[in-house]
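Report on the following structure.
Residue numbers (the working numbering): 691 to 882.
Here it is as structure tokens:
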């Protein structure tokens, strides 16, 4: 594991695109017309490219070469998310986006008021899943949280990811339901 650099942009975005290729929330927002419930790959890749560019400058983006990546915002940093926010607005069906807007606003309001680390994206390619790479990426920042007394916050989009985060001390704040079978789970972890 190492800090990501601008040279990692393509690979990290490809890793995150594969990791979220069956994500129910992404599939709800940008459905592939030939496979309902699966996100449109091109839009998902565009989103991950924008996410990488947004979080990289803040010093807490990490990669495990070609296998896994994590994008964090450190305490006191509010990244300019307009680049990937624009993707939500322009690529989602207007009716879907309009109904989802209130849920995204609720999601943002649930972020802790205290300075905190925010995990925007984390994922591994299919061939690397179940090998503990997500835990390695989480542990890097959670050790800083514990040493420096910071809260960590994220949103899980699947029960599997929710269980992973719970094993690392995150507690579910609530469930935000977008549609049947499509939920987002804000989770917060206090320092240990």
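Where a beta carbon is used, it is the ideal one built from N, C-alpha and C, also for glycine.
Leaving aside the five residues that flank residue 770 on each side, the residues in its chain whose CB is nearer than 7 Å to its CB run, in chain order, 744. Shown here, residue 848 sits in coil according to DSSP, grouped into three states, outside any helix or strand.
Residue state for residue 772 is assigned as helix, using DSSP reduced to three classes.
If you draw a straight line from the Cα of residue 862 to the Cα of residue 828, it comes to about 16 Å. A Cβ-Cβ separation of about 20 Å leaves residue 842 out of contact with residue 794 under the 8 Å criterion. Secondary structure in the region 775-834: the beta strand (DSSP E) runs of 3 residues or longer, each lying completely within the stretch, are 806-814 in chain order. With a cut-off of 8 Å on Cβ pairs, the region 815-830 is not in contact with the region 770-783, counting fewer than three such pairs. Within the region 702-730, the runs of alpha helix (DSSP H) at least 4 residues long that lie entirely inside it are, in chain order, 714-719. The Cβ atoms of residue 701 and residue 720 lie no closer than 7 Å to each other.
The residues 835, 836, 839, 840 and 841, in chain order, have a CB closer than 7 Å to that of residue 881 in the same chain once the five nearest residues on each side in sequence are set aside.
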